[in-house]
Amino acid sequence: MTRSRPVRLSVSLAVALLATPAVRAAEPTRVDAAFLSRLRDEGLNRGRSHETIRLLCDEIGPRLTGSPSYRKAALATRDALAAQGLVNARLAPFSFGRGWELENVSVTLEVPHAMPIAAIPKAWTPGTGGPKTAEAVRVTLANEKDLEAQKGKLAGKIVLLADPVEKKPAADVDFDTYTDEELAKLSGFEIEAGGPPRDREGFAARRAFQQKLRPFLVEEKVVATLEPSRGFDGTIFAGGGGSWTPSDPEGVPGLVIATEDYNRLARLLARKKPVKLTVNVAARFVPPAAENAANVLAEIPGSGRADEIVMLGAHLDSWQAATGATDNAAGVAVAMEAVRLLKAVGFVPKRTIRIGLWGGEEQGLLGSRAYAAEELAARPEPTDPAEKELPPFARRSTGPLTLKPGHAKHAVYFNLDNGAGRVRGIWAENNVAAAELFRAWLEPFEDLGVTTVTLRRTGGTDHQSFDGVGVPGFQLLQDQLDYDSRTHHSNMDVPERIPPGNLDQASVVMAALVAHAAQLEGTFPRKPMPKDPPAPPAAPPAAAPGVPPLAPAPPAKPSPAEVTK
Ligand SMILES: [Zn+2]
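Numbering (this note's numbering), first residue to last: 154 to 718.
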């Protein structure tokens with residue numbers, strides 16, 4: 154098959170070009186081929202990433218940030234890293250709120266006939282206090298006018314909150330790997346039009362309405378709310394629906410049910426046919442506790458340039474609908490396996506290699522943001538109460554960054570969080586000099602399908618916490634598989650969705666990238682520090698001399714509340 158590959162420098166040409174001294178901060182030196190052979194041999198023949206999948210998915214299960222099961226996962230991965238021979242394996246707690254755990258759920262259709270309904274409670278919504286049988290009604294509650302109109306009408310009801318979901322003909326790609334043509338297209342840069350497309354005001358308005366809706370539903374004595382999943386074929390996508398802020402009201406039980414079931418109930422109600430259901434949810438809120446919301450960190454110490462740090466990582470937290478295999482036990486397994494491989498082949502890095510397993514990613518990159526604020530650079534807290542009210546990812550820039558000593562010492566961060574697809578390359582985030590290095594470093598993995606270094610940027614993963622403060626951070630480019638159509642935040646995010654071999658491939662590539670970065674002569678190339686965004690209405694404080702102001706990270710993935718809409 155003819156491969157229409159993106160343009161790539163041959164290694165010799167790359168070396169020749171990079172010999173031009175005036176513009177080079179770093180040489181694209183490759184660690185020697187014998188080392189790469191050992192890495193491939195260990196990783197592809199004796200890979201152990203599946204052990205992490207068994208531990209996190211089968212033994213521990215869902216790992217919602219703030220929950221006791223997250224704590225179990227944090228302690229278990231910390232201990233596993235220590236057992237692998239890493240040093241300083243530790244938990245680094247970050248500020249969060251209350252946790253939430255699901256203890257039981259069942260939904261049964263009673264009228265017109267008995268039938269079980271597949272349902273997942275939305276995280277941070279309360280239990281029903283035992284089985285509750287009630288009539289279902291379908292209403293729209295999208296603004297304050299709707300609340301006014303429904304006042305006094307919903308007591309004792311189970312409320313269907315949304316319109317039925319149209320099933321599109323099955324043209325959607327269910328399982329997608331990149332073709333050579335798609336990869337070639339991807340390696341062409343795309344200039345982004347205008348500023349970040351984040352609808353900040355829209356988000357704030359939706360959030361403000363949710364904060365009115367929750368007490369309204371409680372006051373009206375609604376038994377539970379039901380919403381359809383965005384998936385079909387029994388796949389239920391369910392994220393958050395309540396608040397992890399301990400002072401917020403708990404609201405009423407909120408559940409997502411299979412789309413096919415939801416549509417049928419909505420059709421019956423539209424025809425004025427009676428629908429009765431029994432809903433039974435046991436869920437409990439858990440008081441904030443340090444170890445329930447903590448990053449896991451551990452190191453392979455450097456020798457020679459030990460105070461400089463090369464990082465790799467993935468997020469440890471997941472949602473409640475399944476066991477978070479592709480989002481993101483897969484990334485955790487790969488990062489842990491990459492450091493195991495480096496130890497197994499006796500690699501002694503010049504720079505210290507640090508692994509970071511993040512919590513709170515699903516709530517807005519909270520764990521990695523906290524790490525960045527502590528180690529790399531921090532901004533002042535907002536003073537405007539309306540800004541303060543918003544989660545960090547939705548806030549405006551709150552003034553200049555204060556750089557921490559670690560800002561200069563962190564060379565680069567590599568992240569894996571796009572499911573269980575093979576690595577096909579890397580998103581180079583518009584860092585031309587880094588892309589040159591990556592082309593040379595990834596060339597020995599072309600036979601494993603790693604062919605593409607794109608200067609494009611990608612969003613929604615923890616690399617943004619680094620990139621956003623001017624420290625190089627990268628997400629590897631992965632085949633999508635059925636991440637969007639089936640597994641991402643769904644009840645189908647299970648180990649069966651991880652194709653055999655993919656994590657071994659990714660681990661070897663990740664280990665090689667980290668090893669190259671750890672041995673790099675000179676400094677890892679950086680982009681210019683991001684510029685300030687357009688001035689907000691209130692004048693921001695003046696930048697401290699010598700401290701470049703910084704734009705917010707590019708748009709993160711939508712908030713969990715939005716995702717589950
Ligand atoms: Zn994820």
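Just so you know, even glycine gets a beta-carbon here, dropped at the ideal spot from N, CA and C.
Within the segment 334-380, no beta strand (DSSP E) run of at least 3 residues lies entirely inside it. The set of residues whose C-beta lies within less than 5 Å of a heavy atom of ligand 1 reads, in chain order, 480, 481 and 570.
In terms of Cβ geometry, residue 405 and residue 434 do not form a close pair [threshold 7 Å]. By the Cβ rule, the segment 441-458 counts as touching the segment 212-221, because three or more pairs are nearer than 8 Å.
Put simply, the segment 540-550 touches the segment 355-374. At least three CB pairs are less than 8 Å apart.
Taking a C-beta distance under 7 Å as the contact criterion, residue 551 and residue 577 do not qualify as a contact pair.
In the DSSP assignment, residue 531 is bridged to 555.
Assigned with DSSP and collapsed to three states, residue 640 falls in helix. About 14 Å separates the CB atoms of residue 471 and residue 615; that is not less than 8 Å, and the two are not in contact.
If the five residues before and after residue 580 are omitted, its C-beta is found closer than 7 Å to the C-beta atoms of 607, 609, 610, 611, 627, 628 and 630, all from its own chain and listed in chain order. Per the DSSP secondary-structure output, residue 577 pairs with nothing in a beta bridge. Residue 594: not part of any beta strand (DSSP E); member of the alpha helix (DSSP H) spanning 585-595, first to last residue. Counting only runs of 4+ residues, no alpha helix (DSSP H) is found wholly inside the segment 380-420.
According to DSSP, residue pairing for residue 299 in a beta bridge does not occur. Beta-bridge analysis with DSSP links residue 285 to 432. Between residue 215 and residue 473 the beta-carbon gap is near 5 Å, inside 8 Å, which marks them as a contact.
Taking each of 376, 237, 397 and 486 in turn and checking the Cα distance to residue 651, the smallest one comes out for 486. Here the C-alpha atom of residue 397 lies approximately 42 Å from the C-alpha atom of residue 500. Assignment of residue 485 by DSSP, reduced to helix, strand and coil, places it in the helix class. For residue 243, the enclosing beta strand (DSSP E) stretches over residues 240-246.
If you compare the alpha carbons of 599, 664 and 509 with that of residue 240, the shortest gap goes to 509.
In this structure, the CA atom of residue 494 is about 21 Å from the CA atom of residue 226. Listed in chain order, the non-local C-beta contacts of residue 229 below 7 Å within the same chain comprise 208 and 213, local neighbours out to five positions each way being set aside. If you draw a straight line from the Cα of residue 567 to the Cα of residue 592, it comes to about 15 Å.
DSSP places residue 619 in the uninterrupted alpha helix (DSSP H) bounded by 616-620.
Taking all protein chains in view, the Cβ of residue 296 is surrounded by fewer than 16 other Cβ atoms within 10 Å, so the residue is classified as exposed.
Excluding its 5 nearest sequence neighbours in each direction, residue 249 has C-beta neighbours in its own chain below 7 Å: 218, 219, 397, 441, 446, 513 and 519, listed in chain order. Per DSSP, the continuous alpha helix (DSSP H) segment holding residue 190 begins and ends at 186-198. With at least 16 other beta carbons inside 10 angstroms of its own, residue 587 counts as buried. Closest by C-alpha distance to residue 558, out of 462, 392 and 252, is 462. Relative to the Cα of residue 183, the nearest Cα in the group 203, 622, 676 and 595 belongs to 595. Residue 259 sits in a strand when the DSSP states are folded into three classes. Using a Cβ-Cβ distance cut-off of 8 Å, the segment 476-490 and the segment 638-656 are in contact, since at least three pairs of beta carbons, one from each stretch, lie closer than that value. A Cβ-Cβ contact shorter than 7 Å links residue 491 with residue 664. Taken through DSSP and simplified to helix, strand or coil, residue 445 comes out as helix. For residue 663, DSSP assigns no beta-bridge partner whatsoever.
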